[in-house]
Amino acid sequence: MSIAPLTETAVEGKAVVLYDGECPLCTKSVGYLKKLDWLGKLSFQNGRDVEHLPPSKVPLDPQRLIEEMHVLTPDRTRAYPGYQAFRYMAWRLPVTMLFAPFMYIPGVPWIGNKIYLWIAKNRLKLVPCGDGGCKVHFPKKKTTG
8 MSIAPLTETA
18 VEGKAVVLYD
28 GECPLCTKSV
38 GYLKKLDWLG
48 KLSFQNGRDV
58 EHLPPSKVPL
68 DPQRLIEEMH
78 VLTPDRTRAY
88 PGYQAFRYMA
98 WRLPVTMLFA
108 PFMYIPGVPW
118 IGNKIYLWIA
128 KNRLKLVPCG
138 DGGCKVHFPK
148 KKTTG
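Mapping to our numbering: the sequence shown position 54 is 61, numbers consecutive.
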């Protein structure tokens with residue numbers, strides 16, 4: 008398996024937030040996250056840019072990166088999707104650190120995941136772009152042979 012070089016946004020030593028760069032809700036959310044990342048623990052990268060995904064010891068499925076935001080840990084050994092990504096980030100953003108423990112209370116992860124998945128599924132309807140809504144175009148899978 009070849010490992011791609013880091014892009015300018017995927018900084019070594021920082022967790023990488025992989026998000027749908029063509030989704031208005033996603034890009035707006037990333038803008039807020041950047042403002043809250045006072046300690047500089049996160050870097051951000053468009054998950055649609057499959058040619059420049061950060062090096063990883065875990066497989067990164069381009070289709071899943073578009074369906075749910077992922078956070079790739081600084082050591083590149085784990086990738087947390089959706090609600091788990093938010094929990095990971097909550098521990099690293101000073102504004103949310105106090106709330107992070109509550110994200111583990113029994114039942115909260117189940118509810119949080121359901122809410123996250125609903126928003127992710129409907130995100131292009133919730134924050135329309137252009138004339139009514141965005142179209143999701145998934146990256147084409149490379150074929151070898």
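C-beta: ideal position from N, C-alpha, C; glycine also.
**OP:** Assign P66 to one of three DSSP states: helix, strand, or coil.
**Re:** As a first step, residue 66 must be located in the sequence shown, where it is residue number 59. Here DSSP, grouped into helix, strand and coil, assigns P66 to coil.
- Message: Taking 9 Å as the threshold (C-beta atoms), are A86 and R94 in contact?
- Response: Here the question's residue 94 lines up with position 87 in the sequence shown. Here the question's residue 86 lines up with position 79 in the sequence shown. No, Cβ-Cβ distance for R94 and A86 is not below 9 Å.
Q) Out of curiosity, what's the CA-to-CA distance linking A92 and L79? A) Within the sequence shown, residue 92 is the residue found at index 85, counting from 1. Within the sequence shown, residue 79 is the residue found at index 72, counting from 1. A straight-line Cα-Cα distance of about 9 Å links A92 and L79.
Quick check: S63 and K21, are their CB atoms within less than 9 Å of each other?
Numbered from 1 along the sequence shown, position 56 holds the residue referred to as residue 63. Numbered from 1 along the sequence shown, position 14 holds the residue referred to as residue 21. Against a cut-off of 9 Å, the Cβ pair of K21 and S63 comes out as no contact.
Quick one: Cα of M8 to Cα of R83, how far? Your numbering for residue 8 matches position 1 in the sequence shown. Your numbering for residue 83 matches position 76 in the sequence shown. For M8, the predicted structure reports a pLDDT of 38, less than 50, and the residue's modelled location is therefore unreliable. A value from the coordinates is still provided. If you take the alpha carbons of M8 and R83, they lie about 14 Å apart.
Q) Do the CB positions of G54 and L25 come within less than 9 Å of each other? A) By one-based count along the sequence shown, residue 54 stands at place 47. By one-based count along the sequence shown, residue 25 stands at place 18. Cβ distance < 9 Å, so G54 and L25 count as in contact.
Span separating the alpha-carbon of K128 from that of I73 = On the sequence shown, position 121 is the one that residue 128 refers to. On the sequence shown, position 66 is the one that residue 73 refers to. Taking the CA atoms as reference points, K128 sits about 10 Å from I73.
Notebook entry, point to check: Between K121 and F109, what straight-line distance do the alpha-carbon atoms span, to the nearest angstrom?
Noted result: The residue given as residue 121 occupies position 114 in the sequence shown. The residue given as residue 109 occupies position 102 in the sequence shown. Rounded to the nearest angstrom, the two C-alpha atoms are 16 Å apart.
State the start and end residues of the unbroken alpha helix (DSSP H) segment that holds F93. Here residue 93 refers to the residue found at position 86 when the sequence shown is read from its first residue. Per DSSP, F93 belongs to the alpha helix (DSSP H) from 89 to 97.
Taking the beta carbon of V37 as the centre, do at least 16 other beta carbons fall within 10 Å, making it buried, or is it exposed? Within the sequence shown, the letter at position 30 stands for residue 37. Classification of V37: buried, given that the 10 Å Cβ count is 16 or more.
Starting from A49 and walking both ways along the beta strand (DSSP E), at which residues does that stretch end?
Along the sequence shown, one-based indexing puts residue 49 at 42. The sequence shown places Leu at residue 49, not Ala. From DSSP, the beta strand (DSSP E) with L49 extends over 49 to 53.
### Query
Can you tell me where the beta strand (DSSP E) with L79 in it begins and where it stops?
Working through the sequence shown from its first residue, we reach residue 79 at position 72. In the DSSP assignment, L79 falls within the unbroken beta strand (DSSP E) covering 77 to 79.
#### Entry: Nearest-angstrom Cα separation, counted from G47 out to P113
Locating residue 113 in the sequence shown gives position 106, counting from the first residue. Locating residue 47 in the sequence shown gives position 40, counting from the first residue. Taking the Cα positions, P113 is about 30 Å away from G47.
Open item on the list: Residues in the same chain with beta-carbon distance under 8 Å from P66, minus the five sequence neighbours each way, listed in chain order, please.
Closed with: Within the sequence shown, residue 66 is the residue found at index 59, counting from 1. Leaving aside the five residues that flank P66 on each side, none in its chain has a CB nearer than 8 Å to its CB.
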